[in-house]
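**Q** As given, the protein sequences belong to chains F and L, one line each in that order. Under the working numbering, read the first sequence as residues 186 to 491, first letter to last. Under the working numbering, read the second sequence as residues 12 to 325, first letter to last. I have a structure here, written as structure tokens, and I will follow up with some questions on it.
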Amino acid sequence: MFEAITQNLTEALGNMARGKLSESNIRDGMAQVRHALLEADVNYDVAKDFCDRVTEEAVGEQVLKSLKPGEQIVGIVYRELVNLMGPVDHSIELRRGEMTVLMMCGLQGSGKTTTCGKLAKMLKEEGAKPMLVAADLQRPAAIEQLKVIGEQIGVPVYAEPADRSSPVKVCQNGRKEANRQGCNILILDTAGRLHVDDALMKELIEIDNRLMPHQALLVCDAMTGQDAVNSAKSFNEALELDGVILTKLDGDTRGGAALSVKAVTGVPIKYIGVGEQLDRLEQFHPDRMAQRILGQGDVATLLETA
Amino acid sequence: MGMFDKLKSALTKTKDVLRTDVRDLFKAGVILDDAKLEEFFRGLVTTDMGVVAAQSIVDELKAKFGGRTVEPDDVWGVVKGKLKEILRGEGDCNWDVTDPLSPLNLAEEGPTVILVCGVNGVGKTTSIAKLANYLQKAGKKVVLAAGDTFRAAAVAQLTMWSERLGCEIVTKPAGTDPAAVAFEGCDRGVESGADVIIIDTAGRLQTHQNLMQELGKIHRVIGKRIPGAPHESLLVLDATTGQNGLSQATKFSEAANCTGIVLAKLDGTAKGGVVVAIREKMGIPVKYVGVGEQIDDMELFSPDDFVDALFSDV
Ligand SMILES: Nc1nc2c(ncn2[C@@H]2O[C@H](COP(=O)(O)OP(=O)(O)OP(=O)(O)O)[C@@H](O)[C@H]2O)c(=O)[nH]1
Ligand SMILES: Nc1nc2c(ncn2[C@@H]2O[C@H](COP(=O)(O)OP(=O)(O)OP(=O)(O)O)[C@@H](O)[C@H]2O)c(=O)[nH]1
Ligand SMILES: [Mg+2]
Ligand SMILES: [Mg+2]
């Protein structure tokens, strides 16, 4: 299945790169690019708009008159994809003399708790003193899970009994405890929630208002399909996200959600999760992601020969 | 103006289009032209059914009704009829609304074993709790086996559910071979005269070969302990999943011979359309849908309701 798409795209781009270009075969080729983007789970509107723009640019005189027009189009497709997803600022700025607060949010099961652990480990290795806060009082054993993770990486975890606390309260008390222990980063692990669940979205906004996180990070499953735009948009409207972390990229998903989420929210993707282990966090690279969405190695080869 | 800015402003314009209802597309008397068909294609793709399936439906509509005035009932009849037919399959799965256990293959004799697998975070453990609840309500005695010995506090999570359900659970320390937990779960089920044994497994991505082999081993060990088991091998899919669902269904079936799908998280805005492609290509039926995080947030799958829901507020 993936081979077929990759082949189509390779053919389309290859034909464009080799052959003589006319407006009509540019349009045919771009239709194939659009097909490939949809198969990679890029949202329909995002894919369509992308292809319309590139087509417009490509049929422009400059390209048709250039020496190697086909190659130029291949380049445009790739470059515009990269531009769309970049530039990326990977830094998590530490506040001087003040607690830096990071808040994770996202749909159920997207990888928030694991990513909290990964970030804490990374920051600790960079010399910071993080503390994790178990603000998911909802899912069975969510607190236990964060505690196990904290133990694995040697980072303190602040938690309160689920039946005698509230997410806001545990976050506020967590900050006090972090101050007391001399920590300088507080990472809030919130419960998974649907973007259409008004009560739970309100709860998240309340944490946001009370704790004023320096970064609100959306954790998004890279296997998400067309719906990625809907959830990302809602979380962004509620919280003004500072970044996105895309998880589970260690599988064979093409990861079109990356393009969709960035396009509809404008929020940069900062990190990617590439495994369950707590050291499996990497910086996001738009160029690699563009290659992955388009079919990995093949596009790279085409670009090299182009 | 950069490409990105252009795209952003264009998307603000299409924002409202995102909310259009596909049901309004085919109004009586309008001509079914390419623009209408493209808009319908968009609606189909948005359900995550995949470009190939969407294109074949659009092609069929074009051949049958292209350029003619629309009779909404005819057009919808073709579209929904085709999808319902695919999802229903050839009588290999039974969804009887009066009997929530109807889609399950139960053992003729002795305990039924249900193995539950899927990629990370899709809803396996929660679906097991929901399923156990169904079974207990039907008077069945259930034993759970906490076969996820890898993820932090996965055993604690299933244990909490078993306490709420009041059913027996077999656990072993973190890091134990999951096949050993499955084996002991079967043992325990047989000994205690359980009707159903449900085995949880760790989430795994289908491309990690060692983990898929581990799943294969769990499957084999169960069969060694109880011939003919597992009687059900359920793949849990997240309704937000896109085209990767096909790869999941393919590779999990290779390892664990999946007999049914639980489509979790259908309570969001995602449509879960990839199950259409999975049913068509691989024949695996959806048996249940998850519609929330609580224990009774599960429903029997219904091909008809599902297809109707695909087109509401796409
Ligand atoms: N393969 C892989 N698995 C991941 C990755 N990140 C998280 N996971 C797994 O995904 C599953 C869900 O992760 P959690 O961290 O519990 O997700 P969550 O968002 O906190 O879930 P809820 O709190 O229930 O909403 C677990 O099995 C994790 O091990 C990743 O980058 N790759
Ligand atoms: N909204 C909604 N959430 C669900 C549904 N099913 C499960 N969840 C939530 O999804 C998250 C993950 O569920 P789990 O049952 O832990 O998933 P899992 O597949 O066992 O995860 P791993 O064992 O980590 O791979 C939890 O927060 C659940 O509460 C559902 O049908 N709807
Ligand atoms: Mg969590
Ligand atoms: Mg689980």
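No residue lacks a Cβ here, since even glycine has one placed at the ideal position from N, Cα and C. Small disclaimer: the values here were computed from a predicted structure and weren't measured.
With a threshold of 16 other CB atoms inside 10 Å of the CB of Q257 of chain F, please say whether the residue is buried or exposed.
**A** Here residue 257 of chain F refers to the residue found at position 72 of the first sequence. When all chains shown are included, Q257 of chain F counts as buried.
**Q** Residues of chain F with CB under 7 Å from D35 of chain L, in chain order?
**A** As a working mapping, residue 35 of chain L is identified with position 24 in the second sequence. Under the 7 Å cutoff, chain F gives no residues; its nearest Cβ is about 17 Å from D35 of chain L.
**Q** Does any C-beta atom of chain L lie closer than 9 Å to the C-beta of N421 of chain F?
**A** The residue given as residue 421 of chain F occupies position 236 in the first sequence. Chain L, which has no Cβ nearer than 9 Å to the Cβ of N421 of chain F, makes this no.
**Q** For the beta strand (DSSP E) containing S264 of chain L, list its first residue and its last residue.
**A** The residue given as residue 264 of chain L occupies position 253 in the second sequence. Note, S264 of chain L: premise wrong, no beta strand (DSSP E); alpha helix (DSSP H) at N255 to A267.
**Q** Near E208 of chain F, what residues of its chain come up, given a Cβ to Cβ distance below 7 Å and the 5 sequence neighbours on each side ignored?
**A** Your numbering for residue 208 of chain F matches position 23 in the first sequence. Hits under 7 Å: V244.
**Q** Using a Cβ-Cβ cut-off of 9 Å, state whether Q337 of chain F counts as contacting chain L.
**A** Translated into the one-based positions of the first sequence, residue 337 of chain F becomes position 152. So yes, Q337 of chain F belongs to the interface.
**Q** Between A65 of chain L and the rest of its own chain, which residues show a CB-CB distance below 6 Å, the 5 nearest in sequence each way excluded?
**A** Taking the first residue of the second sequence as position 1, residue 65 of chain L is located at position 54. For A65 of chain L, where only same-chain residues beyond five positions count, the Cβ hits under 6 Å are F52, L55 and V56.
**Q** Just the Cα atoms here: how many angstroms apart are D412 of chain F and Y229 of chain F?
**A** Position 227 of the first sequence, counted from the first residue, corresponds to residue 412 of chain F. Position 44 of the first sequence, counted from the first residue, corresponds to residue 229 of chain F. Near 10 Å, if we compare the C-alpha coordinates of Y229 of chain F and D412 of chain F.
**Q** Secondary structure at S244 of chain L, three-state DSSP: helix, strand or coil?
**A** Within the second sequence, the letter at position 233 stands for residue 244 of chain L. Three-state DSSP puts S244 of chain L in a strand.
**Q** Which two residues bound the contiguous alpha helix (DSSP H) that contains Q220 of chain L?
**A** Here residue 220 of chain L is taken as the residue at index 209 of the second sequence, counted from 1. Its alpha helix (DSSP H) spans residues Q220 to R236.
**Q** Measure the CB-CB distance between L155 of chain L and V133 of chain L and report whether it falls below 9 Å.
**A** Working through the second sequence from its first residue, we reach residue 155 of chain L at position 144. Working through the second sequence from its first residue, we reach residue 133 of chain L at position 122. No, the Cβ-Cβ distance between L155 of chain L and V133 of chain L is not below 9 Å.
**Q** Just tell me which of L:D107, L:L43 and L:E71 has its CA closest to the CA of P83 of chain L.
**A** Within the second sequence, residue 83 of chain L is the residue found at index 72, counting from 1. Here the closest residue by C-alpha is L:L43.
**Q** Of the residues F:D383, F:E241 and F:R219, which one's Cα is nearest the Cα of A232 of chain F?
**A** Along the first sequence, read from residue 1 onward, the residue named residue 232 of chain F stands at position 47. Out of F:D383, F:E241 and F:R219, F:R219 has the C-alpha closest to the C-alpha of A232 of chain F.
**Q** By how many angstroms is the C-alpha of P325 of chain F removed from the C-alpha of A165 of chain L?
**A** Counting from 1 along the second sequence, the entry for residue 165 of chain L is found at position 154. Counting from 1 along the first sequence, the entry for residue 325 of chain F is found at position 140. When rounded, the distance between both Cα atoms is 9 Å.
**Q** Taking all protein chains shown into account, do 16 or more other C-beta atoms lie within 10 angstroms of the C-beta of E388 of chain F, making it buried, or fewer, making it exposed?
**A** On the first sequence, position 203 is the one that residue 388 of chain F refers to. By the 10 Å Cβ count, E388 of chain F comes out buried.
**Q** Report the option in F:R365, F:P346 and F:Q462 whose CA atom is closest to the CA atom of K306 of chain F.
**A** Residue numbering aside, residue 306 of chain F sits at position 121 when the first sequence is read from its first letter. Nearest C-alpha to K306 of chain F: F:Q462.
**Q** To the nearest angstrom, how far is it from the Cα of V262 of chain F to the Cα of V355 of chain F?
**A** As a first step, residue 262 of chain F is located in the first sequence; it is residue number 77 there, counting from the start. As a first step, residue 355 of chain F is located in the first sequence; it is residue number 170 there, counting from the start. Roughly 47 Å separates the two Cα atoms.
**Q** For I334 of chain F, return the contacting residues in chain L, with the cut-off set at a CB-CB distance below 9 Å.
**A** If you number the first sequence from 1, residue 334 of chain F lands on position 149. Ordered by position in chain L, the residues that pass the 9 Å Cβ test against I334 of chain F are A163 and A164.
**Q** Report yes if the CB atom of G436 of chain F is closer than 9 Å to the CB atom of S258 of chain L, and no otherwise.
**A** Position 251 of the first sequence, counting from 1, holds the residue named residue 436 of chain F. Position 247 of the second sequence, counting from 1, holds the residue named residue 258 of chain L. A contact, by the Cβ cut-off of 9 Å.
**Q** Which value, in whole angstroms, describes the spacing of the CA atoms of T251 of chain L and S138 of chain L?
**A** Residue numbering aside, residue 251 of chain L sits at position 240 when the second sequence is read from its first letter. Residue numbering aside, residue 138 of chain L sits at position 127 when the second sequence is read from its first letter. Whole-angstrom Cα-Cα distance: 16 Å.
**Q** Select from L:E225, L:D206 and L:E50 the residue whose C-alpha is nearest the C-alpha of N116 of chain L.
**A** Position 105 of the second sequence, counted from the first residue, corresponds to residue 116 of chain L. Considering only alpha carbons, the answer is L:D206.
**Q** Hey, Q337 of chain F and G302 of chain F: beta-carbon distance below 9 Å or not?
**A** Here residue 337 of chain F refers to the residue found at position 152 when the first sequence is read from its first residue. Here residue 302 of chain F refers to the residue found at position 117 when the first sequence is read from its first residue. Yes, they are a contact pair.
**Q** Are any of the Cβ atoms in chain L nearer than 9 Å to that of Q411 of chain F?
**A** By 1-based counting over the first sequence, the position of residue 411 of chain F is 226. Taking Cβ atoms only, chain L reaches closer than 9 Å to Q411 of chain F, which makes this a yes.
**Q** Is the Cβ of T251 of chain L closer than 9 Å to any Cβ of chain F?
**A** Along the second sequence, read from residue 1 onward, the residue named residue 251 of chain L stands at position 240. By this cut-off, T251 of chain L is an interface position.
**Q** Relative to the C-alpha of L277 of chain L, which residue among L:E310, L:I289 and L:K73 is closest?
**A** As a first step, residue 277 of chain L is located in the second sequence; it is residue number 266 there, counting from the start. Measuring from the Cα of L277 of chain L, the nearest candidate turns out to be L:E310.
**Q** Along chain F, in chain order, which residues have C-beta atoms closer than 8 Å to that of D188 of chain L?
**A** The count along the second sequence starts at 1 and reaches residue 188 of chain L at position 177. By Cβ distance, chain F contributes nothing, its closest Cβ being about 18 Å from D188 of chain L, past 8 Å.
**Q** Give a yes or no on contact between the stretch 417 to 427 of chain F and the stretch 310 to 326 of chain F, applying the rule of three or more CB pairs nearer than 8 Å.
**A** With a cut-off of 8 Å, the stretch 310 to 326 of chain F and the stretch 417 to 427 of chain F do not count as touching, because too few Cβ pairs lie within range.
**Q** Hey, how far is the Cα of M288 of chain F from the Cα of L479 of chain F?
**A** On the first sequence, residue 288 of chain F is found 103 positions in, with the first residue counted as 1. On the first sequence, residue 479 of chain F is found 294 positions in, with the first residue counted as 1. One C-alpha to the other measures close to 32 Å.
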